[in-house]
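Contents: one structure, followed by commentary.
There are 2 protein chains.
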Amino acid sequence: MASPAVKASTKKAAVAAPRARGQSLNQTIRNDIEHKIMSGEWPPGFRLPFEHEMMEQYGCSRMTVNKALSALSAQGLIMRRRRAGSVVAAPSADRAVLQIVDFAAEAQRSGKLYRHDMLERRIEEIDAATARRTGLKPGSRVLYAATRHVVDGVIEAYEERIVNLAAVPQAKRESFADMPIGTWLLQRVPWSDAEHIIGAINADARLARRLGVERNAACLMLERRTWQNTVFLTEARLYYPGTGHRLIGRFSPTGNPAFGLATGTDRGRS
Amino acid sequence: MASPAVKASTKKAAVAAPRARGQSLNQTIRNDIEHKIMSGEWPPGFRLPFEHEMMEQYGCSRMTVNKALSALSAQGLIMRRRRAGSVVAAPSADRAVLQIVDFAAEAQRSGKLYRHDMLERRIEEIDAATARRTGLKPGSRVLYAATRHVVDGVIEAYEERIVNLAAVPQAKRESFADMPIGTWLLQRVPWSDAEHIIGAINADARLARRLGVERNAACLMLERRTWQNTVFLTEARLYYPGTGHRLIGRFSPTGNPAFGLATGTDRGRS
DNA sequence: CCCAGTTTTTTGTCTATACATAATTGCAAG
DNA sequence: CTTGCAATTATGTATAGACAAAAAACTGGG
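Protein sequences appear in the order of chains P and F.
Throughout, the numbering used here is defined as the position within the first sequence, counted from one, plus 147.
Throughout, the numbering used here is defined as the position within the second sequence, counted from one, plus 147.
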């Protein structure tokens, strides 16, 4: 909201471009510019008007224009340099980004029925290979859990997880009957670093059985390791059937994506 | 930069926490808070000090504190509500993000030798299935290209691409001998929307031959469709060998990730 | 005890001004 | 024609003051 806040000082009044209802002036400016860039009207490299020009155009103070432009700069859409002015930034492939979804949340959002089966749960000493991957000392005690994620009766994924009990001792006394372990952790433990690996593997006999696919079928594997300031928290390995289930992401270079987990056959953009 | 800007008005002078050299005050405040959150000192849900408290603590104006907090809010690290104050946001799985790498750029950055083989290149009418996926009219003319990406003599990926010639007519006269088609497009055509799909498939005879893997081996597939304001630009389908090559991403909830394409065997964090 | 209306607190936005800093531009000396 | 210095200019940061709006907290009546 914020209608012009100060008594009578709009001395210029100016052209005062029409403003969308319920939107601050700096937001309006931001949207205008964003639109000009995204539509191609202002191509990469284009030098945008100086702050003092915009403040005339919108009949506002420089600080307001500055706030809009600073935000766009932080967003990576424009680049600013003293004396030289602001120019539209070149779109970069690196900004292309894929977001990873959480099952329970995703299912709930789309009104589907979510269920998880706890297939295994035991406390054990870490094995050598995992110790190396995670940076834990050999002999550390970890919680090992195997979970199956089921949405609307269909097996969406099979998950194997290791939790560092030194970092998350509360996990010892949890059965994870009500809440999948990933969600539980997320609500409790803040993380500072994570690492994702995505790969494809042929299902071995055990995985095929647990995922409900044929032996040797291609499966998508998503491995995530999470740290809290150099101390290892957890490693999750998620397996998805390769066919029928895919990780999908939609996004734009401005970086405010809308996401979902696609199920079933391929479809065009919703 | 930016030593206290106004003549003598630091009437309080206050404790004036020591400031890192070459950093603005609002940046310092931001970093302080960010650090407190990331270290766990301020856990999710923690209500941070009010603006007026912080302005006492740092001996500055409210606008300065406000700028810092607004930035953190835009970044998604805190949530702000009138009257209620600001609280540390819960880390969300949704913020976990995977960045897609560009071959040529990635190879160059790590000093490796990149090469691409143009296996097929022809102009044809779009087929029915692709027309549906992309929203193009049946009968539209597209460029179809098949490329192999080779880094240091190893086949990293096989790519099949379709380019909408109505949107990118220059592509008709390009041989793409010097530059892979993806890089060429990126430099030329700005995009506004994209969609990624990641899946796993078993290699059929042709894919196995072109990727240099065994028949039926699990392969990672990355499909990317790009639009410029509702007009379809291009669809790329990238196939990676499932073993030995993985998409990998490291990041933190603040959202400034460092990325790479992992090759060979699994390794711990760099 | 609950519900409505009023008060108070906190963030949101904006203005006007001031000085700092980086970078380009122009000018003048070599 | 080049080099170096000064002037100019756009952005960067900060201040103090003002009003707006949302929401929690309080208050009084039923």
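Even for Gly, the Cβ is constructed at its ideal location relative to N, Cα and C.
Item	Value
Does DSSP put W338 of chain F in a helix, in a strand, or in coil?	coil
Checking 9 Å against the spacing of the C-beta atoms, do I176 of chain P and T211 of chain P come in under that value?	yes
With burial defined as no fewer than 16 other Cβ atoms inside 10 Å of the residue's Cβ, what is the status of A160 of chain P: buried or exposed?	Because A160 of chain P carries a pLDDT of 38, less than 50, the predicted location of this residue cannot be relied on, and no value is offered for it.
So what does DSSP say about R308 of chain P, is it helix, strand or coil?	strand
Are the beta-carbon atoms of V378 of chain F and A313 of chain F separated by less than 9 Å?	yes
Go ahead and pull the three-state DSSP assignment for M265 of chain F.	strand
What residues match up with E233 of chain F in a beta bridge as DSSP calls it?	Checking the displayed sequence, the identity of residue 233 of chain F turns out to be Ser instead of Glu. Answer by DSSP bridge pairing, in chain order: F:R227.
List the endpoints of the continuous beta strand (DSSP E) containing R372 of chain F.	365 to 375
Using beta carbons (cut-off 9 Å, strictly below), is M368 of chain P in contact with chain F?	yes
Let's test the definition: count the other Cβ atoms within 10 Å of the Cβ of D340 of chain F and tell me whether it reaches 16, buried, or not, exposed.	buried
Using the beta-carbon of each residue, which ones in chain P are nearer than 9 Å to M226 of chain F?	Ordered by position in chain P, no residue passes the 9 Å Cβ test against M226 of chain F, which lies about 14 Å from the chain.
In chain order, what residues of the region 325 to 343 of chain P put their CB closer than 8 Å to some CB of chain F?	G329, L333, Q334, P337, W338, S339, D340, A341, E342, H343
Can you find the residues in the same chain that come closer than 8 Å, C-beta to C-beta, to I270 of chain F, ignoring five residues on each side of it along the sequence?	R288, V289, L290, Y291, L312, K319
Do you know offhand how far H263 of chain F's Cα is from I302 of chain F's?	9 Å
Beta-carbon of Q375 of chain P versus every beta-carbon of chain F: anything under 9 Å?	yes
Flag this pair as touching only if the region 362 to 369 of chain F and the region 249 to 260 of chain F have three or more C-beta atom pairs under 8 Å; answer yes or no.	no
Count the other CB atoms within 10 Å of the CB of H296 of chain F; is the residue buried (16 or more) or exposed (fewer)?	buried
Relative to the ligand MG, is the shortest distance from any of its heavy atoms to the C-beta of R177 of chain F smaller than 8 Å?	Annotation note on the ligand MG: not contained in the displayed structure, which lists no ligands.
Out of F:Q222, F:L216, F:A350, point me to the one whose CA is closest to R418 of chain F's CA.	Any answer about residue 418 of chain F is impossible in this case: the structure gives chain F only from 148 up to 417.
Anything in chain F within Cβ reach of I348 of chain P, meaning under 9 Å, just list it in chain order.	A347, A365, G389, T390
Tell me the DSSP secondary structure of R357 of chain P in three-state form.	helix
Starting from F250 of chain P, follow the alpha helix (DSSP H) in both directions and report where the run begins and ends.	250 to 256
What does DSSP give as the partner residue(s) for G389 of chain F in the beta ladder?	According to DSSP, G389 of chain F bridges with nothing at all.
Output, in sequence order along the chain, the residues in the region 178 to 191 of chain P whose CB is closer than 8 Å to any CB in chain F.	M185, S186, G187, P190, P191
According to the neighbour-count rule (16 or more other Cβ atoms, all chains shown, within 10 Å of its Cβ), is N173 of chain P buried or exposed?	buried
According to DSSP, what are the bridge partners of R280 of chain F?	R280 of chain F pairs with nothing; no bridge assigned.
State the Cα-Cα distance for the pair V298 of chain F and A237 of chain P, rounded to the nearest angstrom.	26 Å
With a threshold of 16 other CB atoms inside 10 Å of the CB of N376 of chain P, please say whether the residue is buried or exposed.	exposed
Applying a beta-carbon distance threshold of less than 8 Å, which residues of chain P neighbour P238 of chain F?	L333, P337, W338
Can you round the beta-carbon distance between L369 of chain F and I345 of chain F to whole angstroms, since I take them to be within the 8 Å contact cut?	5 Å
Of the residues F:N349, F:E253, F:L358, which one's Cα is nearest the Cα of G389 of chain P?	F:N349
Going by DSSP, what residue range makes up the alpha helix (DSSP H) through A221 of chain F?	209 to 222
Does L172 of chain F come out as helix, strand or coil in the three-state DSSP assignment?	helix
Can you tell which of F:E198, F:T330, F:W189 has its C-alpha closest to the C-alpha of R227 of chain F?	F:E198
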